[in-house]
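Please read the structure below before turning to the comments.
2 protein chains.
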Amino acid sequence: MERSRIDELLRVYRAGLLEDVVPFWTRHGVDREHGGFLTCLDRDGTVLDTDKGVWVQARATWLFATLYLAVERREEWLELARGGIQFMRAHCFDTDGRMFFQVTRDGRPLRKRRYVFTEAFGAIAFAAWARASGDGRAAEEARALFRLVLRCAREPERLEPKGVPGTRPTKSLGMPMILLATAQVLRATIDEPLADECIERCIEEIRRDFMRADVRAVMETVGPNGERIDHFDGRLLNPGHALEAAWFMLEEARHRGGDAALVETATTILDWTWERGWDAEHGGILYFCDVHGLPVQEYWHDMKFWWPQTEAIQATLMAHLATGEERYERWHTLAHDWAYAHFPDPEHGEWFGYLHRDGRLSVPLKGNLWKGPFHLPRMQLYCWKILERAQAGAPHGDTLEV
Amino acid sequence: MERSRIDELLRVYRAGLLEDVVPFWTRHGVDREHGGFLTCLDRDGTVLDTDKGVWVQARATWLFATLYLAVERREEWLELARGGIQFMRAHCFDTDGRMFFQVTRDGRPLRKRRYVFTEAFGAIAFAAWARASGDGRAAEEARALFRLVLRCAREPERLEPKGVPGTRPTKSLGMPMILLATAQVLRATIDEPLADECIERCIEEIRRDFMRADVRAVMETVGPNGERIDHFDGRLLNPGHALEAAWFMLEEARHRGGDAALVETATTILDWTWERGWDAEHGGILYFCDVHGLPVQEYWHDMKFWWPQTEAIQATLMAHLATGEERYERWHTLAHDWAYAHFPDPEHGEWFGYLHRDGRLSVPLKGNLWKGPFHLPRMQLYCWKILERAQAGAPHGDTLEV
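Chain order of the listed sequences is A and B. If you want my numbering, it's the position in the first sequence, counting the first as 1, plus 24. If you want my numbering, it's the position in the second sequence, counting the first as 1, plus 24.
Shown next as structure tokens:
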């Protein structure tokens, strides 16, 4: 990548983060009355729904603590992270140590889900906060959540079963993919001793059970030992998830000072995913596709959500910087240009979240229980910092200094 | 409606039912090996997934038994209904009397849901079969399922709670709407003694708790006493459900020999729903909309599914025949023409199920766990028979003679 291109992209990501996306959420998404974050926002930032998703409470908390650590010691960001931690401590934990999924504005529980993804996002929030604030109790809370997720990942029978037990056990890419990223954050922030082993196990599980060279695909749902499941769910591919897995591995290779085998695995995932997930007709990354090209049952399969695009931008950029391969720079340009042509809202800032396949808007909202300040600012922060390191000739090491 | 138009439409619905839709499912959708129905079918009838949805097992069974009763005593249809009943008896009941939601091809349970809609569809299947076959045990099974649904409708705490209990209890239009139609089938087929009272209570509940004159809308989700819920879910309108409620009431008014107040309620629902659900820009009935016109959280809100269109065709036709109002004939023509221009597959028969807002195809499949031989052939059968009665100058009485 040419020096001038690096400089140009760096400016786009940094300015987008600090002058557009973060201000949008601090202006509209902070609950100054009850604490925590209001993320169900209309196009102009008007609150559409006061309910609070705990995923986004945790992810926003992680973001503000991480901005404080990796960008600058801005008191406002520390206070926003503190507000998220206080709201979660007061309202988002059930008596069994698990977290709720959705609570009312004032923190009364509405839903709890069988999955432990909320707890994984909670773990990164408490860990980043612990590092930013020096709050030792938060580090213990992060470790407890991480251990809870680890136990459920290794002994899924601890969780309420998804279906009738026994008939067709399955596991999803989401678990090792999210656990891998969670462990990376806990290692960087609170020096979690179980992180390295967890990361290695997640990588091995993805390689062994989810990657299928015969069909050049990363599966989303398989049997407990990677068995193929020839049903709608088992044939489903989720390119956004695969792209996240790819860049988490590229980040891990950087952490290890350059791990050629891991870069090879990550770029293989990226190659396979690009072949299937990139929409050659309209541009952008598709939400779902079928491994055999058969019809998909999920209704929104061909929509363009914001987050697979941000993951594609980041994965292709990191792959290019790790390998020097020209095609990753080309793919990065395609992903970046399509996303930036269709998602940003020039009038009110931030990105729309949900477009039709051809890029037309499906809904104008800026946030809901799932879309909050996470995928987009995370991409902007990582891409800015990784380009900064590229400028400095530092291809290895954790992207963020926390 | 002019006599020639009645004749023309009658031919379209009858021929569509008997020469297109029913043959598609008997040719491709019958599991000759394990019994029951395979409904996850690609465009040409190829099986995409062998899993069996119990909703569609029950609804297909109801359809074939009802065709036997209301069209002609065709042995093939009776045997298809028998196959559905045998498969459900053998494989679709849990030990607590509730039914599963999804089973494998050979009948091993995969999923059970907290809702009792499966049991309501089971009730109409066993009731229609009992009438068609004279199987007294089936009548008792139908009554037991109906009573189970009634108990859960009246004491929702019997069901596993949807969210954390107590914080924000809700109820949905689906329950009284489906219960109303279920009771109508059980009254007609097995002379269910609780049916009339149940029907009256469902109508009253919809009038009292779901219809809101101030905003001219039938709500989909309200509090236990009809309280407004100003959150995404509480603002959501489901025009297809409201259209079903409208024609179930029009059918009830016919059964009662013409009940002007009930016709008024039903046409009010239709008027309100048309104002909001008909897509003036592209045509067709939208899947979801927000009562205040705000963004909707469900991703497929602006898609055109097949079933709200069939319900619109039937509701507008019945409203026109009940009232003579010109606008219902006009709306019927709009709904009929848009659906028939976009959904039928001229090459392989039947209808596609899932279109984008502008009528472009989203997926080519003909069936899945939800789409099977039900909404489309039910509409064709009812519209044929109601037009036949209109030809005969018989505006009242149950549409189907079973």
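Just so you know, even glycine gets a beta-carbon here, dropped at the ideal spot from N, CA and C.
Taking the C-alpha atoms as reference points, what is the distance between residue i and residue j?
{"i": "tryptophan 362(B)", "j": "glutamate 32(A)", "result": "50 Å"}
{"i": "arginine 35(B)", "j": "histidine 265(B)", "result": "27 Å"}
{"i": "proline 248(A)", "j": "tryptophan 271(B)", "result": "47 Å"}
{"i": "tryptophan 49(A)", "j": "proline 397(A)", "result": "7 Å"}
{"i": "isoleucine 293(B)", "j": "valine 242(A)", "result": "48 Å"}
{"i": "isoleucine 227(A)", "j": "proline 319(A)", "result": "30 Å"}
{"i": "leucine 41(A)", "j": "phenylalanine 61(A)", "result": "18 Å"}
{"i": "phenylalanine 367(B)", "j": "phenylalanine 367(A)", "result": "31 Å"}
{"i": "aspartate 289(A)", "j": "aspartate 303(A)", "result": "Aspartate is not the amino acid found at residue 289(A); the sequence shown has threonine there. If I take the Cα positions, the gap works out to 23 Å."}
{"i": "leucine 286(B)", "j": "arginine 225(B)", "result": "13 Å"}
{"i": "arginine 29(A)", "j": "leucine 169(A)", "result": "41 Å"}
{"i": "phenylalanine 376(B)", "j": "aspartate 238(B)", "result": "37 Å"}
{"i": "arginine 231(B)", "j": "methionine 201(B)", "result": "11 Å"}
{"i": "alanine 84(A)", "j": "arginine 106(A)", "result": "11 Å"}
{"i": "glutamate 143(B)", "j": "arginine 51(B)", "result": "27 Å"}
{"i": "glutamate 108(B)", "j": "tryptophan 79(B)", "result": "Sequence inspection shows glycine at residue 108(B); the glutamate mentioned does not correspond to that position. Straight-line Cα distance between these residues: approximately 11 Å."}
{"i": "alanine 346(A)", "j": "threonine 74(A)", "result": "43 Å"}
{"i": "glutamate 371(A)", "j": "arginine 402(A)", "result": "22 Å"}
{"i": "tryptophan 86(A)", "j": "threonine 357(A)", "result": "28 Å"}
{"i": "cysteine 407(A)", "j": "valine 46(B)", "result": "56 Å"}
{"i": "histidine 115(A)", "j": "arginine 132(A)", "result": "7 Å"}
{"i": "phenylalanine 312(A)", "j": "alanine 418(A)", "result": "36 Å"}
{"i": "aspartate 66(A)", "j": "proline 189(B)", "result": "29 Å"}
{"i": "lysine 328(A)", "j": "alanine 359(A)", "result": "12 Å"}
{"i": "tyrosine 378(A)", "j": "leucine 310(B)", "result": "17 Å"}
I'd like to know whether the C-beta of residue i is nearer than 9 Å to at least one C-beta of chain B.
{"i": "aspartate 361(A)", "result": "no"}
{"i": "phenylalanine 117(A)", "result": "no"}
{"i": "phenylalanine 5(A)", "result": "For residue 5(A) there is no data in the structure shown, the boundaries of chain A being 25 and 426."}
{"i": "threonine 63(A)", "result": "no"}
{"i": "glutamate 206(A)", "result": "It is threonine, not glutamate, that sits at residue 206(A) in the sequence shown. Not closer than 9 Å to any Cβ of chain B, the Cβ of threonine 206(A) fails to qualify, so no."}
Which residues of chain B have a Cβ atom closer than 9 Å to the Cβ of residue i, listed in chain order?
{"i": "aspartate 326(A)", "result": "His380, Ser386, Val387"}
{"i": "histidine 52(A)", "result": "Correct list: empty, because the minimum Cβ distance to chain B is about 15 Å."}
{"i": "lysine 136(A)", "result": "Gly187, Val188"}
So, does the CB of residue i fall closer than 9 Å to a CB anywhere in chain A?
{"i": "threonine 453(B)", "result": "Residue 453(B) lies beyond the range of chain B shown here (25 to 426); nothing can be said about it."}
{"i": "glutamine 323(B)", "result": "Correcting the residue identity first, residue 323(B) is tyrosine in this sequence and not glutamine. Closer than 9 Å: yes."}
{"i": "leucine 393(B)", "result": "yes"}
{"i": "aspartate 120(B)", "result": "no"}
{"i": "glycine 301(B)", "result": "no"}
{"i": "lysine 195(B)", "result": "no"}
{"i": "phenylalanine 256(B)", "result": "yes"}
{"i": "threonine 128(B)", "result": "yes"}
For residue i, which residues in chain A fall below 8 Å Cβ to Cβ?
{"i": "leucine 318(B)", "result": "Asp66, Leu72"}
For residue i, go through chain A and note every residue whose CB falls closer than 7 Å to its CB, in chain order.
{"i": "proline 133(B)", "result": "Val188, Thr191"}
Taking 8 Å as the cut-off, does the segment 199–215 of chain B touch the segment 150–159 of chain B (at least 3 CB pairs, one atom from each stretch)?
Segments in contact, yes.
Write down every uninterrupted run of the alpha helix (DSSP H) in the segment 28–52 of chain B whose length is 4 residues or greater and which is fully enclosed by it, in chain order.
Secondary structure within the segment 28–52 of chain B: the alpha helix (DSSP H) runs of 4 or more consecutive residues, fully enclosed, are 46–52 (chain order).
Residue ranges of each alpha helix (DSSP H) within the segment 234–301 of chain A, 4 or longer
Fully enclosed alpha helix (DSSP H) runs of 4 or longer: 256–259, 263–279, 284–301.
Below 8 Å, how does it come out for the segment 283–299 of chain A and the segment 348–356 of chain B: are there three or more Cβ pairs, yes or no?
The segment 283–299 of chain A vs the segment 348–356 of chain B: no contact.
Are there three or more Cβ pairs, one per stretch, closer than 8 Å when the segment 320–340 of chain A is compared with the segment 377–395 of chain B?
The segment 320–340 of chain A makes contact with the segment 377–395 of chain B; the number of CB pairs closer than 8 Å reaches 3 or more.
Which complete alpha helix (DSSP H) runs does the segment 71–156 of chain B hold, if anything under 4 residues is left out?
Runs of the alpha helix (DSSP H) inside the segment 71–156 of chain B: 78–94, 99–115.
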